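In what follows, a single structure is set out as structure tokens and then discussed.
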Ligand SMILES: NC(=O)c1ccc[n+]([C@@H]2O[C@H](COP(=O)([O-])OP(=O)(O)OC[C@H]3O[C@@H](n4cnc5c(N)ncnc54)[C@H](OP(=O)(O)O)[C@@H]3O)[C@@H](O)[C@H]2O)c1
């Protein structure tokens, strides 16, 4: 029997993403209108994905992309039950297509209890993909730090959104090696609880003030804020930011004003095989988000179970899915920054500008 999966995506860069499926509507409607009308749209079948082949077993899996028409502001504004209903409807579409596992992309995994209710209401198992998102985010941050001259063992590392499902486990894994760790969030008591789980060689500090990230060499940011939370003044020259959040946490102003920092996206993954996703969701061909890659890796492994659901994800689970994915041939696909590939030359330029700007820099 064939191994199959389905994955749910939704509009994030609202006009542009709607335009990918409905060119005319995306052009003529405003974001406000799209947010409003999206409430009344049914789930959308986007494509069949083919050519995904395990590097380990040579086995192929087939999958389907399904769109939940809600946008992030709509998902946050509506009662959670209304959002569950729409995601469950997407799940029923996945079941009728023959999927044996359902992955919840971006905000469909953030709302409510992070997949638990959805899993209870569907016949097929569900995963949010967050375990692999965690593993890949930490790997990307560490690698990007290395190319920028920051060895994590001697670096100050900040995690923003450190009380979230993804943030707290990223913090725990980073603590194993970081020189120093700063946890930033909105609730001090919750930050202290996360800090207690962070065991490693360096000290751990917590803060509810975004300016606390200013001394950090490496920053992993993963809030569920619908607007950017990291602005140019928060970053020191030479800082590396891995932005896992969708929508982004790092403001576009940073790209415009700070050519002395490196901002990378949270984890674009090379999927094994001559992959055709059948739909352009904004990545180069054959590359997927880590959460999507987790769903695919589980399908290749034949692990049809509720793998990552809920807000408590163990570091051991992130380690396990990283090992499964590696075995089947998934790997980090280089760095991207504000939708562009980061080249060796652009890294060299950022490094040399940071060096110059550091001369006049003093901690805030
Ligand atoms: N790149 C990928 O492959 C991928 C995969 C999955 C998820 N994601 C993204 O990861 C992000 C987080 O997901 P999650 O499941 O960890 O969410 P979560 O469990 O809801 O945690 C969200 C965190 O963000 C904080 N937060 C929310 N609004 C904020 C604001 N306005 N300002 C500052 N902090 C704020 C929350 O603080 P409190 O604890 O105080 O509420 C919490 O720490 C989302 O953007 C999601 O789309 C990306």
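Residue numbers (this note's numbering): -10 to 353. All residues carry an ideal CB built from backbone N, CA and C; glycine is no exception. Only a predicted model underlies this, so the values are computations on that prediction, with no experimental measurement involved.
Can you tell me whether residue 254 sits near ligand 1, meaning its C-beta is under 8 Å from at least one heavy atom of the ligand?
yes
Confirm, please, whether the CB-CB distance from residue 69 to residue 101 is below 9 Å.
yes
Tell me the residue span of the beta strand (DSSP E) that contains residue 121.
From DSSP, residue 121 is part of no beta strand (DSSP E) but of the alpha helix (DSSP H) over 119 to 136.
Leaving out five residues on either side along the sequence, give the residues of the same chain with a beta carbon under 6 Å from the beta carbon of residue 279.
121, 122, 125, 256, 258
My guess is that residue 277 and residue 260 are in contact by the Cβ rule of under 8 Å, so how many angstroms apart are they, rounded?
5 Å
Contact the segment 113 to 120 vs the segment 12 to 23: 3+ CB pairs below 8 Å
no
Does DSSP put residue 27 in a helix, in a strand, or in coil?
helix
CB of residue 171 within 9 Å of CB of residue 194, strictly:
In this structure, residue 171 lies near residue 194, with their beta-carbon atoms less than 9 Å apart.
Quick check on this structure: which residue in 36, 201, 192 has the alpha carbon closest to the alpha carbon of residue 173?
201
Range covered by the beta strand (DSSP E) that runs through residue -7:
-7 to -2
Element boundaries [beta strand (DSSP E), containing residue 14]
Unbroken run through residue 14 is the alpha helix (DSSP H), 12 to 17; no beta strand (DSSP E).
Tell me which residue opens and which closes the beta strand (DSSP E) that residue 252 is part of.
Segment 251 to 254, the beta strand (DSSP E) holding residue 252.
Boundaries of the alpha helix (DSSP H) in which residue 294 is found, first to last residue:
Careful: residue 294 lies outside any alpha helix (DSSP H) and carries neither H nor E.
Going straight from the alpha carbon of residue 228 to that of residue -10, what length do you get?
49 Å
Opposing strand residues paired with residue 326 [DSSP bridges]
According to DSSP, which records beta bridges pairwise, residue 326 is partnered with 329.
In the DSSP output, which residue or residues are listed as bridge partners for residue 103?
For residue 103, which the question treats as bridged, DSSP gives no partner whatsoever.
Range of the contiguous beta strand (DSSP E) that encloses residue 159:
Counting along the chain, residue 159 falls outside any beta strand (DSSP E), though it belongs to the alpha helix (DSSP H) covering 154 to 164.
So, using beta-carbon positions, are residue 1 and residue 236 closer together than 9 Å?
A contact, by the Cβ cut-off of 9 Å.
Pairing CB atoms from the segment 307 to 318 with CB atoms from the segment 132 to 149, are three or more of them under 8 Å?
Counting Cβ pairs under 8 Å, fewer than three are found: no touch.
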